[in-house]
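In this note's numbering, the protein residues as written are -2 to 171. The beta-carbon is built from N, C-alpha and C at its ideal position, and this holds for glycine as well. All values derive from a computational prediction rather than experimental measurement. Heads up, the thing below is written out as structure tokens.
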Amino acid sequence: AVVSTQSTGWPLDKDTVTISSFFKERYQVVYPGLVITENSEETQYYSKTPEAMDIKVEHSVHSRELQITGTQRTMRGTLVSSNGTVIKRFTSTERADRLSLDEIIYASGMGGLDALSDSPNGNNKAFRRKGCVLIVTLFYANVFGSVFGTSPLEYTYTVERVPYTPHRVEEVVP
-2 AVVSTQSTGW PLDKDTVTIS SFFKERYQVV YPGLVITENS EETQYYSKTP
48 EAMDIKVEHS VHSRELQITG TQRTMRGTLV SSNGTVIKRF TSTERADRLS
98 LDEIIYASGM GGLDALSDSP NGNNKAFRRK GCVLIVTLFY ANVFGSVFGT
148 SPLEYTYTVE RVPYTPHRVE EVVP
């Protein structure tokens, strides 16, 4: 079987989270001794409401030079949209930051998974079908205020969609 998905369920590297929204399974017949294959069956389906998925993030910052250390458990933070509007606030009483995929998509300004993809081979299909790449960046602030004890460390999540970039992974299952 050949599984073609917009994304797969395992991280591509340690700093990557991948969420599937569309799957295509293609079964092929392989003829022994020949280099040809024949498609015998194809099934396509969407995952149910990936936007509702929560991603838990634990992070920390440390600097020997400035003699500061902090985790999200001791800091205040925000998730901001592409225009700077605060979408969500995080307090130091929470264990891990919880971000829903819907909040991350909203912060990117892309308009949702059902918006039309701008990828060169988008063919009037939605991001839900063609996939996309979102980059979430974490900025730390008040570093010097924290060193002098005048204010705690703070952090901000920002999200950027890489334009014209679909996301697709193919896996061959023997």
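What residues in its chain sit with their C-beta under 8 angstroms from that of residue i, if we drop five residues either side in the sequence?
i, result
"A112", "A123 and F124"
"A49", "S97, L98 and D99"
"A93", "K53, V54, E55 and Q69"
Considering only residues of the same chain and omitting the five flanking positions on each side of residue i, which have a CB-CB separation below 6 angstroms?
i, result
"V159", "V130"
"G119", "K127"
"R86", "T75"
"G67", "V58 and L150"
"F136", "T153"
Any idea what DSSP makes of residue i, helix, strand or coil?
i, result
"I16", "coil"
"L110", "coil"
"R126", "helix"
"D115", "coil"
"A138", "strand"
"L179", "A query on residue 179 cannot be resolved here, the shown segment of the chain reaching from -2 to 171 and no further."
"R95", "strand"
"V133", "strand"
Between which two residues does the beta strand (DSSP E) carrying residue i extend?
i, result
"A104", "Unbroken run through A104 is the alpha helix (DSSP H), L98 to S105; no beta strand (DSSP E)."
"V159", "That residue, V159, is in no beta strand (DSSP E); it is neither H nor E in DSSP."
Leaving out five residues before and five after residue i in sequence, what residues of the same chain have Cβ atoms less than 7 angstroms from its Cβ?
i, result
"V133", "I101, Y154 and V156"
"L110", "S18, E48, I102, A123, F124 and R125"
Exercise. Can we say the region 75 to 85 touches the region 46 to 65, given the rule of at least three CB pairs closer than 8 angstroms?
Worked result: Result no; under three Cβ-Cβ pairs closer than 8 angstroms.
For this session: Could you tell me whether the region 39 to 50 touches the region 16 to 31, using the rule of 3 or more Cβ pairs below 8 angstroms?
Result: Segment contact: the region 39 to 50 against the region 16 to 31, three or more CB-CB distances shorter than 8 angstroms; contact assigned.
For this session: Kindly provide the ranges of any beta strand (DSSP E) runs that are 3 or more residues long and lie completely inside the region 18 to 89, ordered along the chain.
Result: Correct list: 19 to 27, 34 to 43, 51 to 54, 57 to 60, 65 to 68, 73 to 77 and 83 to 87.
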